[in-house]
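Novice: Sending over a structure as structure tokens; questions will come in a sec.
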Amino acid sequence: MICSPAPLILVAAVLLFLAWFVRLINSEKWGLWLIILEMGMTLSAFLLLIVAYRRLNALKTNAEEFRRWIETQQPKERRRPSPPTRRQRKDTQAAIDWFSEQISRDPNQYKPYVLRGGGYAVLQDYERALEDLSIAISLNPAPDNAAYYAKSQVLFDCGRIDEGIRVCEHAIELSTRQAIIYEILAKALYTKQDYQKAWSVVEAYQQTGGQTPLDANFVEELRKQVSAT
């Protein structure tokens, strides 16, 4: 399991401080050994910083993958996402391990479950993703919890459209004002050709006074379908 990069950065800082302190020591007897010791500590510190940077970069890469998964998986005709590349799989697994460590330290925080669930979704391990996202909702059932959207998205991605719709509807019943919840619900209903109900979802969002606009192209296309029926 990958550990947090923070301890590595701390150890590197200590080694650099000790190397600086050794340089201040003026001893003819131990001069050569002190130089070797200083160089060794400095080199070790830089190697630790490189390892910490790689771990931070892996987490950043996974966060970017999760953000793209959250924001772009919105086609009106749902298609199963492409399998992750080897690099994506490696970086995502590293992030999952890190979030698992956070969960083991404090299992009552919901956000690590949301993020780890997103990682499992990127790996297309949908059952584990749904398990984590369900735990996140149970820990924080507030309507602004991103786990509602993430869970419905996972259900849509694995073809469980009706279950995904129920998750969105439940979030709306809790008075969520997340535009994305209304939008993906309307798009899911659109794929089922339930245009009237999809339009009622759009109107319901407009009545909330939400400031984030829905997909204008989708709304216009839905309006045409409603007018034609």
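Heads up, the sequence shown is in the numbering used here, so the first residue is 938 and it goes up one at a time.
Ideal Cβ positions, reconstructed from N, Cα and C, are used throughout, including at glycine.
1. Helix, strand or coil: which one does DSSP assign to Ala1079?
2. Quick check on Pro1049: does DSSP put it in helix, strand or coil?
3. Touch check for the region 1104-1119 and the region 1075-1085: three-plus C-beta pairs under 8 Å?
4. For Gly1147, which of Asn1154, Ile1118 and Glu1157 has the nearest alpha-carbon?
5. Can you tell me the Cα-Cα spacing of Trp1136 and Leu1151, whole angstroms?
6. For Pro1044, does the count of other Cβ atoms within 10 angstroms reach 16, so buried, or fall short, so exposed?
7. With the cut-off set at 9 Å, would you say Ala1123 and Ile1098 are in Cβ contact?
8. In the structure shown, what three-state DSSP assignment does Gln1144 receive?
9. Exposed or buried, Ser1089, counting other C-beta atoms within 10 Å across all chains shown (16 or more means buried)?
10. Give every residue of the same chain whose Cβ lies closer than 6 Å to the Cβ of Thr1149, excluding the five residues on either side of it in the sequence, and list them in chain order.
11. Taking the straight line between their C-alpha atoms, what separation do you get for Glu1120 and Ser981?
12. Consult DSSP for Gln1039 and reduce its assignment to one of helix, strand or coil.
13. Helix, strand or coil: how does DSSP classify Gly1056 here?
Specialist: Per the coordinate set shown:
1. Translated into the one-based positions of the sequence shown, residue 1079 becomes position 142. If DSSP states are grouped into helix, strand and coil, Ala1079 belongs with coil.
2. Here the question's residue 1049 lines up with position 112 in the sequence shown. It is helical.
3. Short answer: they touch.
4. Taking the first residue of the sequence shown as 1, we reach residue 1147 at position 210. Closest by alpha carbon: Ile1118.
5. The sequence position of residue 1136 within the sequence shown is 199, counting from 1. The sequence position of residue 1151 within the sequence shown is 214, counting from 1. Distance between the alpha carbons of Trp1136 and Leu1151 is about 12 Å.
6. On the sequence shown, residue 1044 is found 107 positions in, with the first residue counted as 1. It is exposed - the Cβ of Pro1044 has fewer than 16 other Cβ atoms within 10 Å.
7. Counting from one through the sequence shown, the residue named residue 1123 turns up at place 186. Counting from one through the sequence shown, the residue named residue 1098 turns up at place 161. For Ala1123 and Ile1098, no; Cβs fall outside 9 Å.
8. Within the sequence shown, residue 1144 is the residue found at index 207, counting from 1. Judged by DSSP in its simplified three-state form, Gln1144 adopts helix.
9. Numbered from 1 along the sequence shown, position 152 holds the residue referred to as residue 1089. Answer is buried; the Cβ neighbour count reaches 16.
10. The sequence position of residue 1149 within the sequence shown is 212, counting from 1. Excluding positions up to five away in sequence, the list reads Ala1116.
11. If you number the sequence shown from 1, residue 1120 lands on position 183. If you number the sequence shown from 1, residue 981 lands on position 44. Their backbone Cα atoms lie some 51 Å apart in a straight line.
12. Your numbering for residue 1039 matches position 102 in the sequence shown. In this structure, Gln1039 counts as helix in the three-state DSSP scheme.
13. Looking up residue 1056 in the sequence shown gives position 119. Helix at Gly1056.
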